[in-house]
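Worksheet for the structure shown next.
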Amino acid sequence: MAKQKNPLSYEVIYGLACERKGGPAAVESLLPKTASKAKLSKLGSDRYLAEFTRKVFQSGFVWRVVNQKWDNFEEVFWGFDIERLLMMPDDMLERKAKDPRIIRNFTKVKTVRNNATMIAETERCEGMKFGKFVATWPDDDVIGLWLYLKKHGSRLGGNTGPYALRSLGVDSFLLTQDVEGFLRNRGVIDGGSGSKKSLQAAQDFFNELRDQSGRSLSSLSRIVSFSYGQNHVGIQR
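In my numbering, the protein residues as written are -11 to 225.
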């Protein structure tokens, strides 16, 4: 296990974030929103698949271009209707990958049907809708959900799955460059950031901050990122 320096208390981290971002009001205005468990549970499986797909295509690409074409993605993939996508034959999938209305990347296009299969299989095995599966996942083990998506999904490892979950409103920290830099600097993690050891250490750290502050993991992740790295902003008068 990484030998920790003093990882700092929530109060100290929040104070650093405020110094860098121009005060408490500025920090609070930049914190992400999370969805309620009820909303996540009711959210359709098609919306989970849609966001997984959006983040797969945004990975390593210009996010703005993907967003500009997103209505076309919705049309080409039938609103991400799970049952319809599961019946799609290979030759149709290949034709869709050549459609000029979307980003023509066959490797990524294949993830649409693969992740539709993952969602359907999860629902079958767990006996519940995918939204409820996500909503009832333990808050203090969000890395477990990351690892589930990585193992059972297609191209949802690294930050892709976590970014998709955050966009959907799931309460999740993110291992952005600044967050990872902070955790390494304070001795919370060492070695690969994607290793089970590092992920668990990061989870434990954010769980402790949540216990100290009562804030969401999403907000704490953003606050930590503000407290470290090249994002200095002078105090606003």
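Cβ coordinates follow ideal geometry from the N, Cα and C atoms, glycine included. Because the structure is a prediction, the values reported are computed rather than measured.
(request) Over the uninterrupted alpha helix (DSSP H) stretch that includes R174, give me the two end residues. (result) As a first step, residue 174 must be located in the sequence shown, where it is residue number 186. Per DSSP, R174 lies in no alpha helix (DSSP H) segment and is marked neither H nor E.
(request) Would you mind stating whether A26 and L156 have Cβ atoms separated by less than 9 Å? (result) The residue given as residue 26 occupies position 38 in the sequence shown. The residue given as residue 156 occupies position 168 in the sequence shown. Note that the C-beta distance between A26 and L156 is not below 9 Å.
(request) Report yes if the CB atom of L248 is closer than 9 Å to the CB atom of A190, and no otherwise. (result) What the structure shows of the chain is the stretch from -11 to 225, and residue 248 is not part of that stretch, so it cannot be assessed.
(message) Please state the DSSP three-state secondary structure of Q243.
(response) Within the shown structure, residues of the chain are numbered from -11 to 225, placing residue 243 beyond reach of any answer.
(request) Tell me the start and end of each unbroken alpha helix (DSSP H) in the stretch 42 to 119 that is at least 4 residues and wholly inside, in chain order. (result) Segments of the alpha helix (DSSP H) lying fully in the stretch 42 to 119: 51 to 56, 58 to 64, 70 to 74, 78 to 85, 94 to 114.
(request) Use the C-beta contact count for K30: other C-beta atoms within 10 angstroms, 16 or more gives buried, fewer gives exposed. (result) As a working mapping, residue 30 is identified with position 42 in the sequence shown. Exposed.
(message) Could you compute how far the alpha carbon of G141 sits from the alpha carbon of V158?
(response) The count along the sequence shown starts at 1 and reaches residue 141 at position 153. The count along the sequence shown starts at 1 and reaches residue 158 at position 170. Rounded to whole angstroms, G141 to V158 spans 17 Å at the Cα level.
(message) Tell me the DSSP secondary structure of G149 in three-state form.
(response) One-based indexing of the sequence shown puts residue 149 at position 161. For G149, the three-state secondary structure derived from DSSP is helix.
(request) May I ask which residues mark the beginning and end of the alpha helix (DSSP H) holding A190? (result) Along the sequence shown, one-based indexing puts residue 190 at 202. For A190, the uninterrupted alpha helix (DSSP H) run begins and ends at 184 to 201, by DSSP.
(message) Is it buried or exposed, R112, if we count other Cβ atoms within 10 angstroms and call 16 or more buried?
(response) As a working mapping, residue 112 is identified with position 124 in the sequence shown. Burial call: exposed.
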